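Engineer: Taking numbering that gives the first Met the number 0, the leading residue of the sequence shown gets 0, the next gets one more, and so forth. Ideal Cβ placement from N, Cα and C applies to all residues, glycine included. Please read these numbers as outputs of a predicted model, since none were measured by experiment.
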Amino acid sequence: MQSSDLVSSFAEIAREKGIDRDMLQLIVEDVFRAMIRKRYGADDSFEVIINPDNGDIQIIHIREVIPDMDLEDPVTQIEATSATKIDEDFEIGDEVATEVSITDFGRRAVMTARQTFSQRIRDIEKENIYYRYSELVGEIVVGEVYQTRRREVLVIHDKVELVLPREEQIYKDRYRKGDMLRAVIKEVRRDAGNNPQVIISRADPLFMERLFELEVPEIDEGIVEIKKIVREPGDRAKVAVISHDERIDPVGACVGMKGSRIHAVVRELANENIDVLEFSEDPHRLISSALSPANPISVTINDELKPPRAKVVVNADEVSKAIGRGGINIRLASQLVGYEIDVYREISEDEEDIDMVEFADEIDAETLQRLRDIGCDSAKAVLELSPEELMRRAGLEAELAKHVLAVIKAEFATGEEEEEEFEA
Numbered sequence: 000m001q002s003s004d005l006v007s008s009f010a011e012i013a014r015e016k017g018i019d020r021d022m023l024q025l026i027v028e029d030v031f032r033a034m035i036r037k038r039y040g041a042d043d044s045f046e047v048i049i050n051p052d053n054g055d056i057q058i059i060h061i062r063e064v065i066p067d068m069d070l071e072d073p074v075t076q077i078e079a080t081s082a083t084k085i086d087e088d089f090e091i092g093d094e095v096a097t098e099v100s101i102t103d104f105g106r107r108a109v110m111t112a113r114q115t116f117s118q119r120i121r122d123i124e125k126e127n128i129y130y131r132y133s134e135l136v137g138e139i140v141v142g143e144v145y146q147t148r149r150r151e152v153l154v155i156h157d158k159v160e161l162v163l164p165r166e167e168q169i170y171k172d173r174y175r176k177g178d179m180l181r182a183v184i185k186e187v188r189r190d191a192g193n194n195p196q197v198i199i200s201r202a203d204p205l206f207m208e209r210l211f212e213l214e215v216p217e218i219d220e221g222i223v224e225i226k227k228i229v230r231e232p233g234d235r236a237k238v239a240v241i242s243h244d245e246r247i248d249p250v251g252a253c254v255g256m257k258g259s260r261i262h263a264v265v266r267e268l269a270n271e272n273i274d275v276l277e278f279s280e281d282p283h284r285l286i287s288s289a290l291s292p293a294n295p296i297s298v299t300i301n302d303e304l305k306p307p308r309a310k311v312v313v314n315a316d317e318v319s320k321a322i323g324r325g326g327i328n329i330r331l332a333s334q335l336v337g338y339e340i341d342v343y344r345e346i347s348e349d350e351e352d353i354d355m356v357e358f359a360d361e362i363d364a365e366t367l368q369r370l371r372d373i374g375c376d377s378a379k380a381v382l383e384l385s386p387e388e389l390m391r392r393a394g395l396e397a398e399l400a401k402h403v404l405a406v407i408k409a410e411f412a413t414g415e416e417e418e419e420e421f422e423a
């Protein structure tokens, strides 16, 4: 094979992979020097000259002329007799430059050179992908689904494979080969083989934030700022926003005329319900807004506990709204404000209730204190909670939670019986 043919084939591969001319020249030189080292043991006595314009390459072997019979290293030295056969004017101490043909290395060496070059191109391509997508972390990309697996979906973007893991998917989504998919680049990492792996997400709050930036010009321009987003992907989300221009309503800007802006985000997120609320530095006000659609009557905060807790009282008919289906509303509100929120219904003055201190003979002091810490200072307040909620909020064991509820229910049952006897 001619050297020009080999270099031309290298150049064609480099063009396909987007390798620039200077980088190609360095790679080709390294490949040929590797061939030289394998054949001669060292490449210090060789010059590799590349002309990328016409694809020519020259390998020049430079040796020093020494007296006959003094040859020690045939790679760096040449006897005078051999030198004069090349040119009669050579003398002892001169340097002889001869060109080495590609064919001198043999077919196997040329094949190895091709493989080495391809491997170098792949390595450079991997590095380019890693650094390119590292700079795009946090940005939205649009790709085509080309394979769905049990634990992940593979997406092609600019001929690069992106990975959408199961935990980064919206559970309502269904993916088919050929579908166009929009997601945010979450991270770029290297696998066990040092290959770049680009992880994308549709479940990350950052994806929702970027969608709002696309749909709401005020957010993109920095007039309205998203302070925090909490999500349970596919079900519900809460977005706290603030305006840096008093003339602009941040919530109205995000919702848009007749909901046009927020509906575009909702459609992209598989009809995920989104509550947009105005951010406030006042935790009482923020907690009240976060529990929307409920309207709290009062909010009491205890910052001494870890995590800090908030006792919220709402009308009896709004307890279910504040908690939400499966507790989703109160969970998201707690995550948004940074307080563990406990919701209680308002107890009217004429409604009979019992202070938890009255149960000191049947419930130990530590348990009573735990109940007071979560705002349960009355019997009716405790009865509003299920055993599971008592376990989660007050840290009670399952049997103890059931015991507490049983004691209180028994007390109210006894009270009702006494009242019936009195009336009789």
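Alpha carbon to alpha carbon, what distance is there between M34 and S200?
Structural biologist: Taking the straight line from one Cα to the other gives about 45 Å.
Engineer: Specify the secondary structure class of R208 as computed by DSSP and reduced to three states.
Structural biologist: A small correction: the amino acid at residue 208 is Glu; Arg does not occupy that position in the sequence shown. Helix at E208.
Engineer: Taking Cβ to Cβ, would you say V95 is nearer than 8 Å to F104?
Structural biologist: In this structure, F104 does not lie closer than 8 Å to V95 by Cβ.
Engineer: Taking only the alpha-carbon atoms, compute the straight-line gap between V74 and S44 and give it to the nearest angstrom.
Structural biologist: Using only the alpha carbons, I get a separation of about 7 Å.
Engineer: Do you know how far the Cα of L367 is from the Cα of G394?
Structural biologist: Whole-angstrom Cα-Cα distance: 12 Å.
Engineer: When the Cβ atoms of the segment 338–347 are set against those of the segment 310–321, are three or more pairs found closer than 8 Å?
Structural biologist: With a cut-off of 8 Å, the segment 310–321 and the segment 338–347 count as touching, because enough Cβ pairs lie within range.
Engineer: N328: buried (16+ other C-beta within 10 angstroms of its C-beta) or exposed?
Structural biologist: Flag for N328 reads buried.
Engineer: Of all the options S287, H262, G233, I101, which has the alpha carbon lying nearest to the alpha carbon of A269?
Structural biologist: Taking only the C-alpha atoms, the option nearest A269 is G233.
Engineer: Should V403 go down as buried or exposed, given a rule of 16 or more other Cβ atoms within 10 Å for buried?
Structural biologist: With 16 or more Cβ atoms within 10 Å of its Cβ, V403 is classed as buried.
Engineer: Should L285 go down as buried or exposed, given a rule of 16 or more other Cβ atoms within 10 Å for buried?
Structural biologist: Flag for L285 reads buried.
Engineer: Report the residue from R32, D157, N194, D86 whose alpha carbon sits nearest the alpha carbon of T111.
Structural biologist: For T111, the nearest C-alpha among the options comes from R32.
Engineer: Closer than 8 Å by C-beta to K125: which residues in its own chain qualify, once you throw out the five before and the five after it? Chain order, please.
Structural biologist: If we look at K125 and ignore the five residues flanking it on each side, its Cβ neighbours are N193, N194, P195.
Engineer: How big is the Cα-Cα spacing for E106 and R113?
Structural biologist: Correcting the residue identity first, residue 106 is Arg in this sequence and not Glu. Those two C-alpha atoms are separated by around 11 Å.
Engineer: When you compare the CB positions of N294 and R235, do they come within less than 8 Å of one another, or not?
Structural biologist: Contact flag unset, no.
Engineer: Which whole-angstrom value describes the C-beta separation of I155 and E143, a residue pair presumed to lie in contact below a C-beta threshold of 8 Å?
Structural biologist: The Cβ separation is near 5 Å, so the contact holds.
Engineer: Mind checking whether L163 and V183 have CB atoms under 8 Å apart?
Structural biologist: The answer is no: Cβ separation not under 8 Å.
Engineer: Starting from I61, follow its DSSP beta bridges and name the residues at the other end.
Structural biologist: BP columns for I61 point to A96.
Engineer: Is it right to say A412 is buried, meaning 16 or more other beta carbons lie within 10 angstroms of its own, or is it exposed?
Structural biologist: With fewer than 16 Cβ atoms within 10 Å of its Cβ, A412 is classed as exposed.
Engineer: Helix, strand or coil for Y343? Go by DSSP, reduced to three states.
Structural biologist: Residue state, collapsed to three classes: strand.
Engineer: Please give me, in chain order, every unbroken run of the alpha helix (DSSP H) with length at least 4 that falls completely inside the segment 264–331.
Structural biologist: Here the runs fully enclosed are 282–289, 318–322.
Engineer: How is the beta strand (DSSP E) around S200 delimited, first residue to last?
Structural biologist: Element bounds for S200: 195–200.
Engineer: Over the uninterrupted beta strand (DSSP E) stretch that includes A239, give me the two end residues.
Structural biologist: Here the beta strand (DSSP E) through A239 covers 235–242.
Engineer: Does the separation of the CB atoms of S377 and M355 fall below 8 Å?
Structural biologist: Result yes, Cβ atoms of S377 and M355 sit closer than 8 Å.
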